[in-house]
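The opening residue of the sequence shown carries number 173 in the working numbering; numbering runs sequentially from there.
Glycine residues also receive a C-beta, built at the ideal position from the N, C-alpha and C atoms.
Written out below as structure tokens is the structure these notes cover.
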Amino acid sequence: MSILVLEDLKKAFGDDLDNDQITEISVNKPLEYFIAMKGTRDMIKKENPNLTYALLKRLAEGIATETNQTISEAQPLLSAQIASPQHEGLFFRIQFVRAPAVTGGSIGLSIRKPSILSLPFSAYEEVLNSVEPFAKITAKDQELFDLYEARNFHEFIRKAVGYEKNIIISAGTGSGKTTFFNSIIHDCIPLGERLITIEDAKELRPPHENTLQLYYSRGGQGKAKVDAQSLMEACLRLYPKRILLGEIRGAEAFTYLNLISSGHGGSIATLHANDPLNAIERLTLMVLMAGTTLTSDQVKSFVKQSVDIIVQLGRTETGGYGCSAIYFKAYEDFKNEKTHFSSVA
Numbered sequence: 173m174s175i176l177v178l179e180d181l182k183k184a185f186g187d188d189l190d191n192d193q194i195t196e197i198s199v200n201k202p203l204e205y206f207i208a209m210k211g212t213r214d215m216i217k218k219e220n221p222n223l224t225y226a227l228l229k230r231l232a233e234g235i236a237t238e239t240n241q242t243i244s245e246a247q248p249l250l251s252a253q254i255a256s257p258q259h260e261g262l263f264f265r266i267q268f269v270r271a272p273a274v275t276g277g278s279i280g281l282s283i284r285k286p287s288i289l290s291l292p293f294s295a296y297e298e299v300l301n302s303v304e305p306f307a308k309i310t311a312k313d314q315e316l317f318d319l320y321e322a323r324n325f326h327e328f329i330r331k332a333v334g335y336e337k338n339i340i341i342s343a344g345t346g347s348g349k350t351t352f353f354n355s356i357i358h359d360c361i362p363l364g365e366r367l368i369t370i371e372d373a374k375e376l377r378p379p380h381e382n383t384l385q386l387y388y389s390r391g392g393q394g395k396a397k398v399d400a401q402s403l404m405e406a407c408l409r410l411y412p413k414r415i416l417l418g419e420i421r422g423a424e425a426f427t428y429l430n431l432i433s434s435g436h437g438g439s440i441a442t443l444h445a446n447d448p449l450n451a452i453e454r455l456t457l458m459v460l461m462a463g464t465t466l467t468s469d470q471v472k473s474f475v476k477q478s479v480d481i482i483v484q485l486g487r488t489e490t491g492g493y494g495c496s497a498i499y500f501k502a503y504e505d506f507k508n509e510k511t512h513f514s515s516v517a
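Laid out in structure tokens, this is it:
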């Protein structure tokens with residue numbers, strides 16, 4: 173790491189850069205950043221008047237130069253590894269996002285610091301021996317089952333979001349998807365969580381302080397060579413608690429499903445579809461059209477395993493907003509399994 177880059181990192185993050193109890197540093201806009209500490213759930217906000225837009229821009233360009241890359245309006249994403257200033261042979265994993273993929277005057281940055289912890293296998297004895305027997309139906313799922321069967325869908329959705337279920341909001345145009353989405357963000361997602369939104373227009377309005385909002389140009393018409401898929405791939409190094417995708421439209425479907433099925437539970441997206449089964453079919457078709465060696469049945473199975481809940485919205489006869497169906501994967505699986513056992517018996 174060059175002396176200039178190190179000096180700028182120190183100016184931006186001070187002693188937090190060398191603190192081994194800090195695992196991650198995230199910047200969503202100038203003058204403030206968030207740190208993740210070992211053993212804590214939510215990130216902690218810090219303020220630094222030295223963390224200006226000019227400093228962030230200089231850091232991004234300096235690290236791009238050091239790693240033989242480019243960051244610009246046309247190429248607003250930069251992924252890099254730089255040597256840890258404290259631990260020889262270890263590296264910081266870094267992701268920058270600049271305008272127009274973020275709001276002008278801001279630069280998004282995440283730094284994942286290397287783990288230096290080394291434990292013998294014996295240290296895991298208590299952890300492993302305390303594991304509960306695997307249960308197909310967890311206590312949380314049973315609670316959701318009860319709410320679902322009681323048709324208390326308002327509380328069902330609230331609990332499902334809190335329990336980090338992956339949710340698709342399905343509807344036609346003008347059926348209230350975005351309004352419903354924003355109500356969930358405001359009232360159901362804990363305020364301390366780190367969110368990343370991905371949209372082609374600014375419609376989602378999270379009140380959460382630790383939010384990074386990413387934008388792409390629909391149809392590739394903007395200056396930036398980014399689409400929803402490339403922004404989702406960048407999310408792997410931006411370390412969100414939840415990913416909120418404005419709308420699934422095409423090739424990004426496979427990337428999104430991969431993300432939500434591999435450690436990003438609680439993510440939410442919207443989709444144009446007529447009913448929950450049509451939503452599953454549409455997601456399957458999007459993945460197949462993007463190109464895959466999987467068969468249609470394999471993709472459909474993957475979709476069903478990845479999406480926990482589909483909420484179907486629509487217009488009522490009087491022209492208002494309504495909900496026509498809610499698909500709950502775990503409930504459907506359990507019901508089908510019981511039917512299968514009954515028929516066998």
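- request: Please classify leucine 300: is it buried, with 16 or more other beta-carbons within 10 angstroms of its beta-carbon, or exposed?
  value: Looking up residue 300 in the sequence shown gives position 128. It counts as exposed.
query: Where do the ends of the alpha helix (DSSP H) carrying glutamate 424 lie?
result: Position 252 of the sequence shown, counted from the start, is the residue given in the question as residue 424. Where glutamate 424 is concerned, the enclosing alpha helix (DSSP H) stretches over 424 to 432.
message: Taking 8 Å as the threshold (C-beta atoms), are valine 177 and isoleucine 235 in contact?
response: Here residue 235 refers to the residue found at position 63 of the sequence shown. Here residue 177 refers to the residue found at position 5 of the sequence shown. Closer than 8 Å, so yes.
task: Starting from the N-terminal side, write out each stretch of the alpha helix (DSSP H) that is 4 residues or longer and does not extend beyond the region 356 to 384.
output: none
- request: Would you check if there are 3 or more beta carbon pairs closer than 8 Å linking the region 459 to 473 to the region 357 to 366?
  value: no
message: Taking the alpha carbon of arginine 414 as the reference point, which residue from Ile368, Leu485, Leu227 and Gly334 has its own alpha carbon closest?
response: As a working note, residue 414 is residue 242 in the sequence shown. Per the Cα distances, Ile368.
task: Please report how far the alpha carbon of glutamate 453 lies from the alpha carbon of glycine 277, in whole angstroms.
output: For the purposes of this step, residue 453 is taken as residue 281 along the sequence shown, with counting starting at 1. For the purposes of this step, residue 277 is taken as residue 105 along the sequence shown, with counting starting at 1. Each residue's alpha carbon lies about 41 Å from the other.
Under the three-state DSSP convention, the category tyrosine 335 falls into: Here residue 335 corresponds to residue number 163 of the sequence shown, with the count starting at 1. Coil.
field: For alanine 462, the first and last residue of its enclosing alpha helix (DSSP H)
entry: The count along the sequence shown starts at 1 and reaches residue 462 at position 290. 448 to 462 is the span of the alpha helix (DSSP H), which, as asked, contains alanine 462.
query: So, helix, strand or coil for phenylalanine 306, using DSSP?
result: If you number the sequence shown from 1, residue 306 lands on position 134. Note: phenylalanine 306 maps to coil in three-state DSSP.
query: Among Ala373, Leu416, Ser282 and Ser342, which one has its Cα closest to the Cα of histidine 444?
result: Position 272 of the sequence shown, counting from 1, holds the residue named residue 444. For the residues Ala373, Leu416, Ser282 and Ser342, the minimum Cα distance to histidine 444 belongs to Ser342.
Residue burial classification, histidine 326 (beta-carbon count within 10 angstroms, cutoff 16): For the purposes of this step, residue 326 is taken as the residue at position 154 of the sequence shown. When all chains shown are included, histidine 326 counts as exposed.
field: Helix, strand or coil at alanine 311 [DSSP, three-state]
entry: Taking the first residue of the sequence shown as 1, we reach residue 311 at position 139. In this structure, alanine 311 counts as helix in the three-state DSSP scheme.
- prompt: So, using beta-carbon positions, are leucine 223 and alanine 184 closer together than 8 Å?
  reply: Indexing the sequence shown from 1 puts residue 223 at position 51. Indexing the sequence shown from 1 puts residue 184 at position 12. Yes; because the gap between Cβ atoms is below 8 Å, this pair is in contact.
- prompt: What is the DSSP secondary structure of alanine 273, counted as helix, strand or coil?
  reply: As a position in the sequence shown, residue 273 is number 101, starting the count at 1. Looking at alanine 273 - three-state DSSP - the assignment turns out to be coil, as it is neither helix nor strand.
query: Alpha carbon to alpha carbon, how far is alanine 497 from valine 483?
result: Taking the sequence shown and counting its residues from 1, one reaches residue 497 at position 325. Taking the sequence shown and counting its residues from 1, one reaches residue 483 at position 311. The alpha-carbon atoms of alanine 497 and valine 483 are separated by roughly 6 Å.
field: Beta-carbon contacts of asparagine 382 that lie in its chain and below 6 Å, excluding the five residues immediately before and after
entry: Counting from 1 along the sequence shown, the entry for residue 382 is found at position 210. Hits under 6 Å: Phe206, Met215 and Arg366.
field: Through-space distance from aspartate 192 to glycine 244, alpha-carbon basis
entry: Taking the sequence shown and counting its residues from 1, one reaches residue 244 at position 72. Taking the sequence shown and counting its residues from 1, one reaches residue 192 at position 20. Residue 244 is actually serine in this sequence, not glycine. Whole-angstrom Cα-Cα distance: 32 Å.
query: Closest by CA to glycine 348, which one among Thr195, Pro305, Tyr493 and Asp187?
result: Translated into positions along the sequence shown, residue 348 becomes position 176. Answer by Cα proximity: Tyr493.
- prompt: Is it true that the region 400 to 408 meets the region 304 to 313, where meeting means three or more beta-carbon pairs spaced less than 8 Å apart?
  reply: no
task: Taking serine 478 as the reference, give the member of Gly437, Thr490, Leu457 and Thr467 with the closest Cα.
output: In the sequence shown, the residue the question calls residue 478 occupies position 306. Minimum Cα distance to serine 478 is reached at Gly437.
query: Could you give the distance in angstroms between the alpha-carbon of asparagine 446 and the alpha-carbon of glycine 344?
result: Residue mapping note: residue 446 aligns to position 274 of the sequence shown, counting from 1. Residue mapping note: residue 344 aligns to position 172 of the sequence shown, counting from 1. About 7 Å.
- prompt: Beta-carbon separation of proline 248 and alanine 423 under 8 Å?
  reply: Your numbering for residue 248 matches position 76 in the sequence shown. Your numbering for residue 423 matches position 251 in the sequence shown. In this structure, alanine 423 does not lie closer than 8 Å to proline 248 by Cβ.
- prompt: Alpha carbon to alpha carbon, what distance is there between glutamate 375 and threonine 350?
  reply: As a position in the sequence shown, residue 350 is number 178, starting the count at 1. As a position in the sequence shown, residue 375 is number 203, starting the count at 1. Going by the C-alpha atoms only, they are around 7 Å apart.
- prompt: alpha helix (DSSP H) containing methionine 404: first to last residue?
  reply: Within the sequence shown, residue 404 is the residue found at index 232, counting from 1. Element bounds for methionine 404: 400 to 407.
task: Classify lysine 507 as buried or exposed, calling it buried when 16 or more other Cβ atoms lie within 10 Å of its own Cβ.
output: Here residue 507 corresponds to residue number 335 of the sequence shown, with the count starting at 1. By the 10 Å Cβ count, lysine 507 comes out exposed.
message: For glycine 186 and glutamine 258, I'd like the C-alpha separation in whole angstroms.
response: The residue you call residue 186 lines up with position 14 of the sequence shown. The residue you call residue 258 lines up with position 86 of the sequence shown. Between the alpha carbons of glycine 186 and glutamine 258 lies a distance of about 13 Å.
message: In this structure, how does DSSP classify threonine 467 when only helix, strand and coil are distinguished?
response: On the sequence shown, position 295 is the one that residue 467 refers to. Coil, per DSSP.
- prompt: Going by Cα to Cα distance, which pick from Ser256, Thr239, Val475 and Ala322 is closest to aspartate 188?
  reply: For the purposes of this step, residue 188 is taken as the residue at position 16 of the sequence shown. That would be Ser256, whose Cα lies nearest to the Cα of aspartate 188.
message: As an exercise, report each continuous beta strand (DSSP E) stretch of at least 3 residues that is fully enclosed by the region 188 to 241, in chain order.
response: 194 to 201, 204 to 209 and 216 to 219
query: For leucine 181 versus proline 202, is the C-beta spacing smaller than 8 Å?
result: As a working note, residue 181 is residue 9 in the sequence shown. As a working note, residue 202 is residue 30 in the sequence shown. Going by C-beta atoms, leucine 181 is not nearer than 8 Å to proline 202.
- prompt: If we ignore side chains and look at the alpha-carbon of each, how far apart do leucine 431 and asparagine 338 end up?
  reply: Reading the sequence shown from its first residue, position 259 is the one you call residue 431. Reading the sequence shown from its first residue, position 166 is the one you call residue 338. If I take the Cα positions, the gap works out to 11 Å.
task: Compare the C-beta of glutamate 196 against all C-beta atoms of chain D and say whether one is closer than 8 Å.
output: Absent here is chain D; the protein component of the structure consists of one chain.
task: Pull up the distance between the alpha-carbon of serine 174 and that of phenylalanine 263, whole angstroms please.
output: Taking the sequence shown and counting its residues from 1, one reaches residue 174 at position 2. Taking the sequence shown and counting its residues from 1, one reaches residue 263 at position 91. Straight-line Cα distance between these residues: approximately 14 Å.
message: Using 8 Å for Cβ pairs, my map puts valine 199 next to leucine 250. What's the rounded Cβ distance?
response: Numbered from 1 along the sequence shown, position 27 holds the residue referred to as residue 199. Numbered from 1 along the sequence shown, position 78 holds the residue referred to as residue 250. No, valine 199 and leucine 250 are not in contact; Cβ-Cβ is about 13 Å, not under 8 Å.
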